[in-house]
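*Asks:* Take a look at the following structure, please.
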Amino acid sequence: MKSQGISGTRLQLLHDVTGAFRPGVLTALVGVSGAGKTTLMDVLAGRKTGGYIEGMINISGYPKRQDTFARVSGYCEQNDIHSPHVTIYESLHYSARLRLDPAIKFDTQKVFLFALFALLFNGELLGCLI
Numbered sequence: 116m117k118s119q120g121i122s123g124t125r126l127q128l129l130h131d132v133t134g135a136f137r138p139g140v141l142t143a144l145v146g147v148s149g150a151g152k153t154t155l156m157d158v159l160a161g162r163k164t165g166g167y168i169e170g171m172i173n174i175s176g177y178p179k180r181q182d183t184f185a186r187v188s189g190y191c192e193q194n195d196i197h198s199p200h201v202t203i204y205e206s207l208h209y210s211a212r213l214r215l216d217p218a219i220k221f222d223t224q225k226v227f228l229f230a231l232f233a234l235l236f237n238g239e240l241l242g243c244l245i
């Protein structure tokens, strides 16, 4: 950082960020390379493991609780690999099985995924290839 003219040992990537997302609407976060999109999403998703996270994160005006936020949001990381040979349902189900607590039964996962698809896509895209 110092070689690039930045003094100090910490670089602030995000400052005073606000946003609004409509419920039930798929939203894309876009911007130029280095704008902080991945950092923002990693912080919101609770996946940021390095550096310093300071300040308040509010969802609908209330302090963010990770367990609640994880239930009502989804985040496809930029380095997630998606096979063009599987359906959207198969890909999300595979991802769910890797990320969810192993105590959650297979049938429960399927019910949740079908409910999610009904909410987001009216079930129309279940069999579509990625």
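Going left to right, the sequence shown walks through residues 116 to 245 as my numbering numbers them.
Note that beta-carbon positions come from the ideal geometry of N, C-alpha and C, so glycine has one too.
With the cut-off set at 8 Å, would you say residue 184 and residue 174 are in Cβ contact?
*Replies:* Going by C-beta atoms, residue 184 is nearer than 8 Å to residue 174.
*Asks:* Per DSSP, residue 174 is paired with what?
*Replies:* For residue 174, which the question treats as bridged, DSSP gives the partners 177.
*Asks:* Does the Cβ-Cβ distance between residue 160 and residue 209 come in under 8 Å?
*Replies:* Going by C-beta atoms, residue 160 is not nearer than 8 Å to residue 209.
*Asks:* If I'm right that residue 151 touches residue 126 with Cβ under 8 Å, what's the distance once you round it to whole angstroms?
*Replies:* That pair is no contact at about 11 Å.
*Asks:* Under DSSP, the alpha helix (DSSP H) around residue 154 begins and ends at which residues?
*Replies:* 152-160 is the extent of the alpha helix (DSSP H) around residue 154.
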